[in-house]
Structures are given as C-alpha cells and as structure tokens.
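Sequences listed follow chains S and X, in order. So for the first sequence, the numbering used here puts the first residue at 1; every next one is plus one. So for the second sequence, the numbering used here puts the first residue at 339; every next one is plus one. All residues carry an ideal CB built from backbone N, CA and C; glycine is no exception.
2 protein chains.
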Amino acid sequence: MRGAVIHAPGDIRFETLQDPKILKPTDAIIRTAVTCVCGSDLWPYRGVEPTDHAHPMGHEYVGFVEEVGSDVTAVKPGQLVVGSFATSDNTCANCRNGFQSSCLNVEFMTTCQADYVRIPNAQGTLVATDGVPDEKFWPGLLAVSDVMGTGWWAAEAAEVKPGSTAVVVGDGAVGLCAVIAAKELGAERIIAMSRHESRQNLAREFGATDIVTERGEEGAARIKELTGGIGADSVLECVGTQESMSQALHSTRPGGNVGFVGVPHEVAVDGQELFFSHIGLRGGPAPVRRYLPDLIDRVLAGAIDPGKVFDLTLPLDQVAEGYKAMDERRAIKTLLTP
Amino acid sequence: MRGAVIHAPGDIRFETLQDPKILKPTDAIIRTAVTCVCGSDLWPYRGVEPTDHAHPMGHEYVGFVEEVGSDVTAVKPGQLVVGSFATSDNTCANCRNGFQSSCLNVEFMTTCQADYVRIPNAQGTLVATDGVPDEKFWPGLLAVSDVMGTGWWAAEAAEVKPGSTAVVVGDGAVGLCAVIAAKELGAERIIAMSRHESRQNLAREFGATDIVTERGEEGAARIKELTGGIGADSVLECVGTQESMSQALHSTRPGGNVGFVGVPHEVAVDGQELFFSHIGLRGGPAPVRRYLPDLIDRVLAGAIDPGKVFDLTLPLDQVAEGYKAMDERRAIKTLLTP
Numbered sequence: 001m002r003g004a005v006i007h008a009p010g011d012i013r014f015e016t017l018q019d020p021k022i023l024k025p026t027d028a029i030i031r032t033a034v035t036c037v038c039g040s041d042l043w044p045y046r047g048v049e050p051t052d053h054a055h056p057m058g059h060e061y062v063g064f065v066e067e068v069g070s071d072v073t074a075v076k077p078g079q080l081v082v083g084s085f086a087t088s089d090n091t092c093a094n095c096r097n098g099f100q101s102s103c104l105n106v107e108f109m110t111t112c113q114a115d116y117v118r119i120p121n122a123q124g125t126l127v128a129t130d131g132v133p134d135e136k137f138w139p140g141l142l143a144v145s146d147v148m149g150t151g152w153w154a155a156e157a158a159e160v161k162p163g164s165t166a167v168v169v170g171d172g173a174v175g176l177c178a179v180i181a182a183k184e185l186g187a188e189r190i191i192a193m194s195r196h197e198s199r200q201n202l203a204r205e206f207g208a209t210d211i212v213t214e215r216g217e218e219g220a221a222r223i224k225e226l227t228g229g230i231g232a233d234s235v236l237e238c239v240g241t242q243e244s245m246s247q248a249l250h251s252t253r254p255g256g257n258v259g260f261v262g263v264p265h266e267v268a269v270d271g272q273e274l275f276f277s278h279i280g281l282r283g284g285p286a287p288v289r290r291y292l293p294d295l296i297d298r299v300l301a302g303a304i305d306p307g308k309v310f311d312l313t314l315p316l317d318q319v320a321e322g323y324k325a326m327d328e329r330r331a332i333k334t335l336l337t338p
Numbered sequence: 339m340r341g342a343v344i345h346a347p348g349d350i351r352f353e354t355l356q357d358p359k360i361l362k363p364t365d366a367i368i369r370t371a372v373t374c375v376c377g378s379d380l381w382p383y384r385g386v387e388p389t390d391h392a393h394p395m396g397h398e399y400v401g402f403v404e405e406v407g408s409d410v411t412a413v414k415p416g417q418l419v420v421g422s423f424a425t426s427d428n429t430c431a432n433c434r435n436g437f438q439s440s441c442l443n444v445e446f447m448t449t450c451q452a453d454y455v456r457i458p459n460a461q462g463t464l465v466a467t468d469g470v471p472d473e474k475f476w477p478g479l480l481a482v483s484d485v486m487g488t489g490w491w492a493a494e495a496a497e498v499k500p501g502s503t504a505v506v507v508g509d510g511a512v513g514l515c516a517v518i519a520a521k522e523l524g525a526e527r528i529i530a531m532s533r534h535e536s537r538q539n540l541a542r543e544f545g546a547t548d549i550v551t552e553r554g555e556e557g558a559a560r561i562k563e564l565t566g567g568i569g570a571d572s573v574l575e576c577v578g579t580q581e582s583m584s585q586a587l588h589s590t591r592p593g594g595n596v597g598f599v600g601v602p603h604e605v606a607v608d609g610q611e612l613f614f615s616h617i618g619l620r621g622g623p624a625p626v627r628r629y630l631p632d633l634i635d636r637v638l639a640g641a642i643d644p645g646k647v648f649d650l651t652l653p654l655d656q657v658a659e660g661y662k663a664m665d666e667r668r669a670i671k672t673l674l675t676p
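Right, here's the structure in full:
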C-alpha cells in the first residue's frame, strides 16, 4: 500500500509501505475512505517538534473494515466506521468515567494518511454507521474523528450552557468546530476571535454572532466590552500558546470556565491569578469516543456540517501539497481521498 | 472600644481604638458576639506577609446589629447576624452568578477581632438568624463566616458528588471543614491527609473514612493505591503551596476535579501537565455569602458542627495568646469572646 511519511521538516513523501496486519486480537484493519491533514501535523512539518527518524503520519480516518481480530465483535468487514485519534478499550475505569483519551490502554493513531490502517483497540474505538451513508457525509464524519470531537470537548470543558455567552479563541478547524459545538449546546452569543475573512465567514455560518479581530490583552478588553465589563461565561481555547491561554483567562468572567484543547506549548498558569479569577479550567486530548455516536447522528441528520472545514480536497498521493497549502494558510484543512 | 492590632511579626496588641461609625448608608455596626483567629492571620504574624504599619486584624464574626445605615433594610438592631469575610452587595453580575467574593463592590473584612465592627455592604452581606440561638451554636455560626464556608466551596469547586471518593489535602480548620462538606455532599469515601493525631481524630469525627499520613509524591502514590490505581474523583486542596497543589493534582483521577482554597503562595501550574491529566481546576476566595442561609440552617439543625474546630477559647483581651497557641500548633483555631 501507499502512505505519507515525514522524513524531515517540510519533507512529506508518499511512499510504498508494508500493508498493515492484525497484530493483536483487538486490532482491525480498515481501508481508508477519507483521511486528512491536522493542524497538529504541522508541528513536525514546521520543525516545532523534532523528526528524529522517518515515520508515517495522520490520525484522522473514516474507512471500511477489511479484517478484524478474534476479539473484535463490535464491527465487521464491509462496514463504514469512524474512530477517534485516540484508541481506547472503552472498558477501563477512565473510559467508564468518560475519559477514553486517558484509557489505560490508549494508543494514539499515527499512520492514517495511507490506503490501509491498523486500528488498535478496535472493539472499543470504532463506531459503524447504519449502512453506508452518501459520500457527501464523509467529510463530516471525518471531522468527527478529531476536530469536531475536539471542538465539542472544548465546549463541554468550558461548560457551555443554554443562553450563555461563549468565546472561541482560535480560528483553525478546531476553533470553527468549537463554534458549532457552542451553538449546539445552546450558547446564545458566540464570539469568534479571528482575523481571516474566510474563517470569519465560516464561523458566522456555523453560528458565531460576533467576530473580534483584536488579540491578546486588546482582545480580552474587547470581550469585556461586549459582555457588560464582566467577561464571558465560557471561553474555548483552541490554540495552545501562552498568549492564547492568557487571552482566554482574561476574557472569562469570575466563576466562568475555560476549556483548553490546543496542546499547550510552554504554557504556565499562575496559581494566584487563577485563584482570584474564580475561573474553572479544564482541558486535554478530547475524549472523542464518548461523543462519536451522538456526533455521527448529528452529521447524518444534517444538524451539523463540520465537513465544511475542509476547503481543499486532494487525492492522497498529493498529500505533500495538502501540508504545504495548510502551512501557507491557503487552506484551513485538507481532505485526502485514496 | 478595644481590638487587636498587629505592629510587627509576632507583635499582636489589644488596644483601645476608636468606635466604628456608619460611613456609608450601606454600612452596619455590629457588637461582636464571637470572633476568632484565622490560619491566614498567621501569615503577617509569622512575617510571611509584611506588616508595613500597625493595623487591626480579624475577618470572622458573629454579632448583634447595633446600628444600620439608611440603605440597610435586610437586618435590624438587636438581631444576631452572620456574614462573610468578603462583603458583597449581592446584586451585581458576579454576585448574581454566585461569586459574591468577586463582587464588583467587594470589601474584605480586616477589623473583626474587636468589640465592635463596621460591616460594609451590610444589606448584601449579613444574614440574621431567626431569633437568638443558644450560645452553643455560636462557634458553629462563626465557622460558617469563613472556614466552613471555605470548606464547602472546596467541595463544590472539586465537584464532590454522591458516592464519590474525595481527598482533603490540609488538616487545618478549613481542611477539617472540607471533610464535613464532602460528607454532606455525599462522598462515600473521604480520605484526610494528616499527620496530627488530634486532627486525624476530628477528621474522622467529621466523616473521614481513611487517613493518609504520607505527603507529596508519596502521599499521591498512597492515594492511587487506595483508589484502584486511578486517583480520587475530587481533591480539596486546603493549603496553598506548590507542594500541596502538586500533591492534589497527582492524587486526582483523569477527568477528576481539584478545588483549591488555600491562597496560593508562589504556585504555578504547568499547562501541558494539566492538559494530559484531564483534571478540572477551580479555586478562589470562597463565595461564602452564597452558602450562608443553607449553612446556618445546617448548624442550627445540628446537622453539622463545624464549631468543633475551635479547640481553644479565650477572652478577646487575650487575643495575643490566641495567635501564639495557633502559631505553636497548640491550637487548631482560637475562639475569642468579648
């Protein structure tokens, strides 16, 4: 089979690789229906994370089950399945508590930009659709496997409630999906912080009621102006820098909540500042598995269309161009079709 | 009148002071029924916080209303009242959101170890009891004005739920009251971290089911052992040091909650560590006013008896000895009677 391999920053190659095999009875092999490039894939691409040795890439996937291990009964060959970027047994204490991305047997996906993919923990990870939905739904289902699930988690971690005011920091695919989630969870006012017109437009289409272009302390001050001087009930931090975290904390009202889903890079939170803010802070890799059945239903019912974050579609063998377009901000997110 | 004044670390004097007067129409004057020394009063006493100039001390109080300003209708002369260490108008947006200790007009009490006290924001701050309860309830009511309210907030911030496991870090008066709160909120297992036999005994009396004497990483490891290797659902951090915060975070299960109510002194939380823990973190000065009516009821119904944290009672004019006994750990908390 063929798949994407990173050799060095900026050097993504589409290569012939060994076909994946069932290694454990809990594995499944899927034939990729659609996959994509994630904002977090740009870290090694940009050299922010080191690449010590060549390795495959990709962690988002929708595919057809080809083969299952002997312990896998939840899905069967031929079914179209969606899974999380974090595989989980869905039976351990952390899974039962709803934090499948902290599963005691978690394995993170890393080989999905390929024709075929081995899925560990398949029994607990994969959710099959009812029949094979029309291809128009595949991008939405693909978004559910990571960015839409992560946006949903941002909204839950920030405790978005009906009638509340939510702010989304970050206008990447996750931030845009966070707008969808805030709307679905009933936020009355959704303020998207974005400087890019195409992303502002998509944010509005997804439910944003206001756009704020200022950043940092200026951005937080603008949020305070828009919220009676107090700050927002919920702030969804979808970036992961010290600046975005400070912007989020300073945009939240006393007793409000910040959900942070951008992996923090050199971020520290001052204990005394957090204390006197009364803000609740929770983040982490999204427990996408918890949301999969519900989000798949919402996509197939047409209630949400997170597939719109894909503004570039390429054949899988042009994956390198998919990275380049996102790196150069010509694309929000690249869909890849084998 | 007479009251306690700190002149320098270790130097508490009981002096003749000017009688307090109504300064604003929202003020009230109370005649102190009972007051006390707080663990946080030991910071300036020990020189951890500087004392630049002599000033009165004390922020916990139960008293009889002597006089009210023209805007105060909620309480009237002769009533026994309880208030919070943080006064609040109870009408601003932050108060309406339940965070009265972030009131836009908050004034923190600082003059309560005295015969008479001026209470700012009296209308929104003071809650009168129904008649004058028996004196045996006064210590419990006094605890409600700070340490019991703070313990309750720790349990709420840590989202203690029926049937859950709660850990309390810190065996001072707040930690002990946090045990009471965890029990009232339905925790099935309550693990108190304490090395002092008298405090362990009181923790058990208040509802602790287990005692852990280890601290730091050893303490966290012991909590993991007691909780199936996962960690506790809720951890109530009632100290405020980097060590106690780390101990709390490392004792909490993925997706669990830490409520931190000890004012943090040089505490920083690493963003990436918090991220991968999935832990929810919330703290702050307790919104005691939100809990006052309920906690007063619980005390007067005999459901809780937080007054037991007072293991030394002295006449107010011996306030200096009250500080000394707490500083030397001869007393958990000193009650003072005018």
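Shown here, V403/X sits in a strand according to DSSP, grouped into three states. Straight-line measurement puts the Cα of A248/S at about 42 Å from the Cα of G131/S. Contact between the region 233-249 of chain S and the region 265-281 of chain S is present: three or more C-beta pairs spanning the two stretches fall below 8 Å. Using a CB distance cut-off of 8 Å, M583/X counts as an interface residue toward chain S. Contact fails between the region 612-622 of chain X and the region 542-555 of chain X, because fewer than three Cβ pairs, one in each stretch, are under 8 Å apart. If you check each beta-carbon in the region 620-646 of chain X against every beta-carbon of chain S, the ones closer than 9 Å belong to R620, G621, G622, P623, P625. Residue state for A570/X is assigned as strand, using DSSP reduced to three classes. With respect to chain S, the C-beta atom of R591/X has a partner C-beta closer than 8 Å. Taking 8 Å as the threshold, the shortest C-beta distance from F423/X to chain S does not fall below it. Contacts with chain S at 8 Å (Cβ-Cβ) include D608/X. Counted as a single uninterrupted DSSP element, the alpha helix (DSSP H) harbouring C177/S occupies residues 173-184.
In the DSSP assignment, V343/X forms a beta bridge with R351/X, P394/X. A distance below 8 Å separates the beta carbons of A155/S and A178/S. Here R620/X has A495, G597 as same chain residues with Cβ atoms under 7 Å from its own Cβ, once five neighbours each way along the sequence are excluded.
Cβ neighbours of A325/S within its own chain (closer than 7 Å, five residues either side excluded): L312, A331, T334. For the 8 Å CB-CB criterion, E405/X and A452/X do not form a contact. Taken atom to atom, the span from the alpha-carbon of A641/X to that of T252/S is near 37 Å.
Counting only Cβ-Cβ distances below 9 Å, N105/S has no contacts in chain X at all, with the closest Cβ about 13 Å away. Every beta strand (DSSP E) of 3 residues or more that sits fully in the region 600-648 of chain X is shown, in chain order, as 606-608, 618-621.
The beta-carbon distance between C450/X and Y383/X, rounded to whole angstroms, is 15 Å. This is too long to meet the 8 Å contact definition. Around the C-beta of G377/X, 16 or more other C-beta atoms lie within 10 Å, and the residue is accordingly described as buried. A direct Cα-Cα distance of roughly 15 Å separates K161/S from G231/S. Within the same chain, and ignoring the five residues on either side of W138/S in sequence, the residues whose Cβ sits closer than 8 Å to its Cβ are A33, V34, V62, G307. The beta carbon of G170/S sits no closer than 8 Å to any beta carbon of chain X.
Per DSSP, A166/S lies in no alpha helix (DSSP H); the unbroken beta strand (DSSP E) holding it starts and ends at 165-169. Contact annotation: in the region 434-465 of chain X, residues whose CB is within less than 7 Å of a CB in chain S are N435, G436, F437, S440.
In the DSSP assignment, the residues bridged to V419/X are G401/X, A466/X. Scanning T337/S, P285/S, S145/S for the CA closest to the CA of H59/S turns up S145/S. Contact annotation, L176/S with L202/S: C-beta distance approximately 6 Å; criterion of less than 8 Å satisfied. The beta carbon of A392/X sits no closer than 8 Å to any beta carbon of chain S.
A distance below 8 Å separates the beta carbons of C576/X and G508/X.
At a Cβ-Cβ threshold of 8 Å, L17/S and R2/S count as neighbours.
Look at P264/S: its C-beta is under 8 Å from a C-beta on chain X. DSSP, read as helix, strand or coil, puts R434/X in helix. The Cβ of I191/S sits no closer than 8 Å to any Cβ of chain X.
Distances from the CA of K414/X to each of E611/X, Q538/X, T467/X were compared; the closest alpha carbon is that of T467/X.
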